[in-house]
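A short write-up of the structure that comes next.
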Amino acid sequence: MPKVPLAVKIAVPIVGLLLTIGVTITAVGILKAWWSTPFSPVQPSGTQPIAFRHDLHVIAKIDCQFCHRGVTLTEAATLPSVEQCYFCHQVVLKDSPEVSKIAYAFQNGEPINWVRVHRLPDHVQFVHDSHVRFFAEQNGIAPSQACSICHGDVGSMKIAEQVRNLKMRDCVDCHRNRYLTYLAPDAAQRIRTAVVEGQRLPPPTDCAACHY
Amino acid sequence: MPFTRRDFLKLAGGSAGGAAILAACRPGVREFIEQSPARLPEDQATGTDNWYATTCRQCGAGCGIVVRLVEGRAKKIEGNPKHPVNMGKTCARGQSSVQAIYHPDRIRRPMKATGARGSGAFREISWEEALNILRDNLKGLQGQAGTVSIVTDPAGGHLGGLVQEFARAQGAVFTQYEPLEHSTLREAIKRAFGQERIPDFDIKNAAQVFSFGADFLGGWVSQVRHSRGYGEFRQGDRVRGALTSIDARFSSTSASADTWVPVTPGAEGKLALAMAHVIISENLGAARAAQALTGGRGAAALDAFAPDRVAAAAGVSAARIRELARAFADRAHQPAIAIGGGSAGAHTNGVFNLTAIYALNHLVGSVGVRGGVLPNPESPLTSLPGAVSVRLLPKAGGAPYTAWKAEVDRIRGGAVKTLLIRNANPVWGSPSALDVAGAFSRAGFIASFSSFLDDTTYMADLVLPTNLPLEDWGDMPLDPAPGIEAVGFQQPVVRPFYETRGFGDLLLTLSQDLGYERQIPWTTFRDLLRDGAQRLYQLRRGSINAATFEGFWNELLRAGGWWDETRTGTLPATVPLLDLTDADAQTGNAATYPYALLPFESISLGNGQLAQLPWMQATPDPIATTTWDTWVEVNMKLAEEQGLKEGDVVRLESPSGAIEAAVYPNPATPPGVLGVPIGQGHKAFGRWAQGRGSNPLAILEPRVDAKTGSLAWAATRVRLVPTGNRRRIPKMENSVLAVDFTKEIAQVTPKD
Amino acid sequence: MTTQHAQSPKWSMVVDADRCTGCQACVVACQAENNVPLNTDDIFKQKRAIEWIRIERYWEGEYPNIKARFLPVLCQHCENAPCEPVCPVYATYHNDQGMNVQIYNRCIGTRYCANNCPYNVRFFNFWEPVWPESLRNQLNPDVTVRSRGIMEKCSFCIQRIRAGTRRVKKEGRALADGDVVPACAQACPTDALVFGNMHDAGSRVRKMSEDKRHYRLLERSGTDPNVIYLKRVDPTATEGAGHE
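Residue numbers (the working numbering), protein chains in the order written: chain D, 1 to 212; chain H, 1001 to 1752; chain R, 2001 to 2244.
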């Protein structure tokens, strides 16, 4: 058995250790980056400044669009302004301690700093109105019923939380074929035929459809 | 904070954003309180966009703009397509007005000086305390005429009227200040066309434009309107128009011209008269106008200005002058417009120069004709509303130098106990020979109403931060108007970003407290504007057709103004007699000061008022492509002879002082001329302007135009002393490492 | 939803050099619209200023018979783009609307594309862009802020193309000329920049591209740009001047 020089005896484990540390750091970094950007669905949605109850508003038969009024108009669903909350809540439940925070914000001209629940990374441009209108038109339903495809049954949530992971794969899968599964069978067939015959464009899968 | 009717409608009806620009323009009275998305720093606020119309105040042109708002934040400026001045377009400066709102060095709340005057030590105080200080101060001076001096930037319209009325009630002296004012231009226009209003140049329909010193494509008077016309003039649906630039410096306009004629600074008027001499003696133009201009004597009256006699003084050969005159009067290429301004009017013979230039329009019959010089009608709003007396609104425009000097001397003499300054920066903009800072240090008390801590506000004892134009109400009787009656209106499109207030509102608050309600019965500036708008409504004509005043008001704000295309201007039928006095320009001693210093208005910084904005600092000069610095344009050959290279720092010495600037060898600069951009050299004015470059206005000799007393800012001579230092000039030229395919890139063709 | 045969538009720009006065309105409008980082003086001195559209100024002749020629230069959106094949991660490619697009999240910053671009219209972010906190309020939410190490360039204001297309769809009509205007063309006071759909036979760009003054930058190199220039007219020039 050849004699191994002392230097090698010392160097090998050190190099090995360094390699292991390097690989671990890289792996942790990659995993962390993957899970934290854009976000992880397992993350809790944080404490909101006002204990806003989505379920109660849904039970009260308030349409999603009544508060998120940008949803059929623009890219963003938009959060309601303080004035809009106060518009109802200057009368409704105005003595509740949580609701009175709205009155305070309104009277002092302060915004309510809601903690954001759904966040896409900066380099993704998601457009609410096109999506909502597509599903609503094809299924013949109210736009707000289309929301649950991505946002889940908000009506059963005390505090809104994220239900889908909303990663790029989720988006692309849907754009490639899954979008048809959310439609009524006859609507799905109609669209499938139109796409095959070149009458309409399929949902875009061009990178620049969302990334710009 | 009560709900207004509009809030209710907006909430109940939902909003209709995202439509085409004007369809969604609306009066932007108050936005809803911003929501949290923007509080998340890594996020950009997203939301519904809204577009609001208002009037741009980055220069005096009064272009109509629409501002894009997302969640209450101003994002982008675009031209208002329906506005008669700019027809949907904007310039670089206009684009930058959103940046001012969010500038990190804006003054956020009122401040009181704590150290010695000019030390820059301030303490923030409440609005209540600030107004108390100011009110007590003014109260103590009531009834003592002339103890209060009010200096503002050009404030026409109702704001100007309000300041004037406030000054009258207080017994104060009111002066409008701007570094390079247009009094010689107005005087010349008055002499040439019989009315003071600047006419509308119908460049779009002209066959030829001769520009004498007026950089009308580069910031002179109404850049966007001129450029709009210029595009059509070149490549509209008719024969391509020809542009000749007669300018002592190679300006943006000279660069776009087919022919550039470098002329000796100050000799523009003589050159114009030499052209007139040729036109009259060769009988090329309108005979009747020639008779009137010369008092019936014909070319003989102008014999002193025959081409051969003028050639040497103007630096243009007699043959060339004849060529120019024949081209200008060429009957196959009419109408031809002669425009004069800029450095041509900034000499001791400024009015003489400009009058001679504008008289050329009479000679070729292009006054009052399509494609010529179109007279402007009087603004429909000339006085403050109310029946107390006829209170004429002041014209927006700086006082001529002599008037300004008189006021500064009064302040220096200690007659002024309180000085109120609004948005004017004379400490920076006046020649150092006047020593404004020294004079101001003798004022008893200085209060400055300003959005930024500029050189003048730095000297204030009390600083009252005011709203920026996009946060404030206002109106603008357009001068020059676009050939028709037009008034621009300005509404707050965003809430004030900091604890700032409108200058108009502040004056009204003070008026109430000081007991001037009888003369000034309004409580908010918006009320005053509404009263003014009421009179437009009662005209029952023009662009807005509404059954009620409320409807009219909303439409007025939605459209950004009111105009009546059927009301054009008229001119007196007579052609004036030419005044041939003061023909010679006085400048310094050419032996000791060999170069003529030509300061020029920067296309981005204006006359220094936009130096605080990083977008404007970073905008390359069209010719030199330089940014962020003060450079001196030196003729390339001359620089070579003197051993000067780009970036060599030289001292420009005039009898009134010296500044340093970096040499930019420019192949198009005439050898006897040094061009220096105006705008830099601020001692204060936010992080991006402070201590940057130098200010050519500081070393101007206090010469004035003989007829108006206006500062002859192009009549200073300097010498050039190398300092041995060098610095790199930040510029765009050669910044991208392009392969030299110049010829292939910028192709030209002789034929249309 | 459209029922006729679906065809993508082909976006194109015509630059009339005879109208351009070099006024820089397009440059600032572009920076305001596209969240271009602040170009400080140091950045200029290092020759790393980012201007998606820039005005080039060329001298011709000698004093006093000297001419300056202005030419706005932006990404030419070449049909045969030299930048595309060299990108190892497909961060830049040609999409079905005639545009050369840059996908920021794919870009790893090799800068091969910029080196291969003959027009030098690609810009690298050598630093993380910084804006003072208050200035961030001006940023356009429709455009990604590019971080350090990423290549960027003119996108033909793709966010406006997207918004315009959506608006048209919502209104249930076909794209018309003028539905999409990029920030530079919107601002241009002389109308030297005109943008539109080359597939639309009635569009202004289509008509202008047939003008006899038309040419493309570095035509010989075969990049086949979607930006078409119209020659500056100079009655004093001789025929053929300016050509190589």
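C-beta: ideal position from N, C-alpha, C; glycine also.
Min CB distance residue i to chain H below 7 Å
i       : result
R/T2144 : no
R/V2028 : yes
R/L2140 : Note on residue identity: the sequence assigns Asn, not Leu, to residue 2140 of chain R. Yes, its Cβ sits closer than 7 Å to a Cβ of chain H.
R/N2115 : no
R/Y2058 : yes
R/R2216 : no
R/A2237 : yes
Distance CB(residue i)-CB(residue j) smaller than 7 Å
i       : j       : result
H/V1650 : H/L1700 : no
H/L1419 : H/S1149 : yes
H/I1357 : H/G1372 : no
H/A1338 : H/T1264 : no
H/W1688 : H/Q1617 : yes
H/A1325 : H/V1261 : no
R/P2009 : R/H2199 : yes
H/F1525 : H/G1504 : yes
Residue-chain proximity (residue i, chain R), Cβ-Cβ < 7 Å
i       : result
D/S40   : The pLDDT assigned to D/S40 is 46, lower than 50, so where the model puts this residue is not dependable, and the model offers no usable value.
H/V1224 : yes
D/Y104  : no
D/H175  : no
D/S130  : yes
H/Q1747 : yes
D/I10   : no
D/C210  : no
H/W1404 : no
H/P1262 : yes
Contact set between residue i and chain R, taken where Cβ atoms lie within less than 7 Å
i       : result
D/D122  : T2144 and V2145
H/T1619 : Q2024, V2027 and V2028
D/D206  : N2095 and D2096
Chain D contact for residue i (CB, 7 Å cutoff)
i       : result
R/I2103 : yes
R/Q2186 : no
R/I2158 : yes
R/N2095 : yes
R/S2155 : yes
Closer than 8 Å at the beta carbon, the chain R residues around residue i
i      : result
D/E127 : The question names Glu, yet the displayed sequence has Val at residue 127 of chain D. Going along chain R in sequence order, the residues near D/V127 (Cβ under 8 Å) are R2162 and R2166.
Bridge-paired residues (DSSP) for residue i
i       : result
H/A1242 : H/Q1208
H/K997  : What is shown of chain H runs 1001 to 1752, which leaves residue 997 of chain H out entirely.
D/P80   : Paired residues: none, contrary to the question.
H/L1392 : H/S1383
H/T1570 : DSSP, once it has assigned bridges, lists no residue as partnering H/T1570.
H/L1420 : H/I1150 and H/A1447
H/H1347 : In DSSP, H/H1347 forms no bridge with anything.
H/A1661 : H/V1650
H/S1602 : H/G1606
H/D1564 : H/E1485
R/Y2058 : R/R2069
R/R2232 : H/V1748
R/Y2215 : R/Y2229
Interface residues of chain D facing residue i [CB-CB closer than 8 Å]
i       : result
H/D1049 : T74
R/N2137 : Simply none; closest approach about 13 Å.
Contact set between residue i and chain R, taken where Cβ atoms lie within less than 9 Å
i       : result
H/T1244 : None at all; the shortest Cβ gap to chain R is about 12 Å.
Cβ of residue i within 7 Å of any chain C Cβ
i       : result
H/L1217 : Absent from the structure is chain C; the protein chains it does hold are D, H and R.
- Query: Using 8 Å as the threshold, is the stretch 1376-1388 of chain H in touch with the stretch 1526-1535 of chain H, meaning 3 or more CB pairs across them?
  - Reply: yes
- Task: Determine contact between the stretch 1229-1237 of chain H and the stretch 1599-1611 of chain H, defined as no fewer than three beta-carbon pairs at a distance below 8 Å.
- Result: no
- Query: Quick check: the stretch 174-190 of chain D against the stretch 69-80 of chain D, are there 3 or more CB pairs under 8 Å?
  - Reply: no
- Item | Three or more C-beta pairs below 8 Å linking the stretch 1301-1317 of chain H and the stretch 1253-1270 of chain H | yes
- Item | Cβ pair count under 8 Å reaching 3, the stretch 1565-1574 of chain H against the stretch 1679-1697 of chain H | no
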